[in-house]
Amino acid sequence: MKIFVDTAVLEEILEVKKLGILDGVTTNPTLVSKTGKPWKEAISEILKEVPDKPVSVEVVATDCEGMKREAKELAELGKNVVVKIPCTEDGLRAISELHREGANVKTNVTLVFSPLQALLAAKVGATYVSPFIGRIDDISYDGLQVVEEIVDIYQFYGFETEIIAASIRHVDHVRRCAALGVDIATIPFKVIKQMYKHPLTDIGLERFVKDAEKAGISI
């Protein structure tokens, strides 16, 4: 499973990159606003530091023509830009028309909350689809069940669209996504840090250090 970091904060992206596990970055207007930087500056910095991995950047237009225009402009920012387009009638139409027109735009259908939305995203040729696990959980439904159904549908029909599990809230979301065979999980920075922490690791390390000192091993 590929790991994307869900943030627009450059320092967080660089820390995940140093770990050697960064496969991509996803952003949205909310995440960019938290940086306190102008939108273009924040995105340009990310693309400079992550030039060879997918970076998702979202359109803000809500009409088909506006989305298409923005998508083409965003794609010009870098060859690794993936344009996030919402799963609406206009959004799906925009992706379909971009493909028919031969536009070289990679797309990520966002704000997906049902298997049928994901089915339509694949049908119009989206590069990625992003079901929102945590937000589905928030309305007392099982977000991971939705993801499991999407995985089954895509495998059954052989769709090439990759599934990005989004709106991940905790490490168990990540664990269960990996067990389901999800292509990608886009994970908040704080959750990535939690993934490599375990109390038994800390206890074991402390014991090893003490035993090393007893054995006269220089640390």
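Quick note on numbering: the sequence shown equals residues 29 to 247 in this note's numbering.
Each residue gets a CB set at the ideal place from its N, CA and C atoms; glycine is no exception.
Helix, strand or coil at residue i [DSSP, three-state]
| i | result |
| --- | --- |
| V202 | helix |
| Y169 | coil |
| Y224 | coil |
| E86 | strand |
| G186 | coil |
| T55 | coil |
| A240 | helix |
| F217 | helix |
| S195 | coil |
| S246 | coil |
| I49 | coil |
| V44 | helix |
Span of the alpha helix (DSSP H) around residue i
| i | result |
| --- | --- |
| D34 | Segment 30 to 34 is the beta strand (DSSP E) holding D34; no alpha helix (DSSP H) there. |
| E93 | 92 to 103 |
| S72 | 67 to 77 |
| G119 | 117 to 128 |
Minimum C-alpha distance to residue i - residue among the options
| i | options | result |
| --- | --- | --- |
| G106 | V78, G94, I31 | V78 |
| R163 | A206, L139, I49 | L139 |
| P66 | E234, D80, I41, V37 | V37 |
| Y185 | L228, R128, K151 | K151 |
| V174 | G94, E101, D239, H201 | H201 |
| A154 | K112, S61, D180 | K112 |
| K46 | T55, E176, V33, N56 | V33 |
| T55 | E241, S158, G48 | S158 |
| I196 | I215, V137, G52 | I215 |
| G171 | T229, D180, A193, Q183 | A193 |
| K68 | K81, Q222, N132, E101 | E101 |
| E40 | F217, T135, D51 | F217 |
| V85 | E43, D165, I71 | I71 |
Residue-level contact to chain D via CB, residue i, 9 Å cutoff
| i | result |
| --- | --- |
| A150 | Considering every chain present, this structure includes no chain D. It has just one protein chain. |
Sequence-distant residues of its chain with Cβ nearer than 8 Å to residue i (five each side left out)
| i | result |
| --- | --- |
| L75 | V83, L105, G106, N108, V109 |
| A206 | M29, A213 |
Limits of the unbroken beta strand (DSSP E) element including residue i
| i | result |
| --- | --- |
| V109 | 109 to 114 |
| K134 | 134 to 140 |
| V37 | Premise fails: V37 is in no beta strand (DSSP E) and is neither H nor E. |
| V157 | 156 to 159 |
Heavy atom of the ligand NAD within 8 Å of residue i beta-carbon
| i | result |
| --- | --- |
| V137 | Looking for the ligand NAD in the displayed structure turns up nothing, as the structure carries no ligands at all. |
Other residues of its chain near residue i: CB distance less than 6 Å, five sequence neighbours each side excluded
| i | result |
| --- | --- |
| E98 | V87, A89 |
| Q145 | C115 |
| E73 | L38 |
| H127 | G153 |
Integer Cβ distance of residue i from residue j, believed to fall under 8 Å
| i | j | result |
| --- | --- | --- |
| Y156 | E117 | Contact flag wrong, Cβ pair sits at about 19 Å. |
| E177 | P143 | 4 Å |
7 Å Cβ shell around residue i - same chain, five flanking residues per side excluded
| i | result |
| --- | --- |
| V179 | I191, L208, G209, V210 |
| M95 | V87, A89, I113, D118, G119, A122 |
| V199 | V219, Q222, M223 |
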